[in-house]
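Q: Residue numbers (the working numbering): 144 to 271.
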């Protein structure tokens with residue numbers, strides 16, 4: 144008994160079209176055209192606070208600097224990223240939702256555990 148097979152979603156090109164490309168009887172341009180005609184609509188953007196909007200613009204260096212300065216916790220930042228992931232999951236950009244739908248909850252718990260560890264041990268120069 145292995146892992147469950149992934150579901151074929153309506154937002155993926157039909158298998159017949161992909162098989163035709165593999166067989167050489169269709170082109171990648173036809174797949175591109177399929178996406179143009181079948182692109183799912185994004186839901187409305189998630190509601191975010193002013194601070195979350197600013198954090199969403201951060202790169203990794205910005206986050207590390209803010210974390211070292213005590214301006215943000217791991218859990219706050221990860222929770223924002225999960226909010227954005229939840230928003231974009233309709234675009235099928237994240238493969239683990241089908242195979243492991245609870246992974247985002249675990250990631251937030253791990254971030255909270257990192258915050259607890261940092262509080263107990265003091266500030267860390269090295270973030271990992």
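Where is the CB? At the ideal position from N, CA and C, for every residue including glycine.
Just to check my reading of the structure: residue 251 and residue 225 have Cβ atoms closer than 8 Å, yes? What is that Cβ distance to the nearest angstrom?
A: Rounded, the Cβ-Cβ distance is 6 Å, consistent with contact.
Q: Have a look at residue 240 and residue 156 and give me their C-alpha separation to the nearest angstrom.
A: Roughly 18 Å separates the two Cα atoms.
Q: Pick out whichever of 182, 204, 214 and 162 has its Cα sitting closest to the Cα of residue 195.
A: Nearest option by C-alpha distance: 214.
Q: Measuring alpha carbon to alpha carbon, tell me which residue in 255, 223 and 265 is nearest residue 190.
A: Comparing Cα positions, the closest option is 223.
Q: For the alpha helix (DSSP H) containing residue 182, list its first residue and its last residue.
A: Counting along the chain, residue 182 falls outside any alpha helix (DSSP H), and DSSP gives it neither H nor E.
Q: Going by other Cβ atoms of all chains shown within 10 Å of its Cβ, with 16 needed for buried, is residue 221 buried or exposed?
A: It is buried - the Cβ of residue 221 has at least 16 other Cβ atoms within 10 Å.
Q: By a C-beta neighbour count over all protein chains shown, 10 Å radius and 16 as the cutoff for buried, is residue 249 buried or exposed?
A: When all chains shown are included, residue 249 counts as exposed.
Q: At the level of alpha carbons, what is the spacing between residue 161 and residue 168?
A: Between residue 161 and residue 168, the C-alpha separation is close to 10 Å.
Q: Fully enclosed by the segment 170-256, which alpha helix (DSSP H) runs are 4 residues long or longer?
A: DSSP runs (the alpha helix (DSSP H)) wholly in the segment 170-256: 171-181, 193-199, 203-211, 217-231 and 239-242.
Q: Taking all protein chains shown into account, decide if residue 158 is buried (16 or more other Cβ within 10 angstroms of its Cβ) or exposed.
A: Exposed, since its Cβ has fewer than 16 Cβ neighbours within 10 Å.
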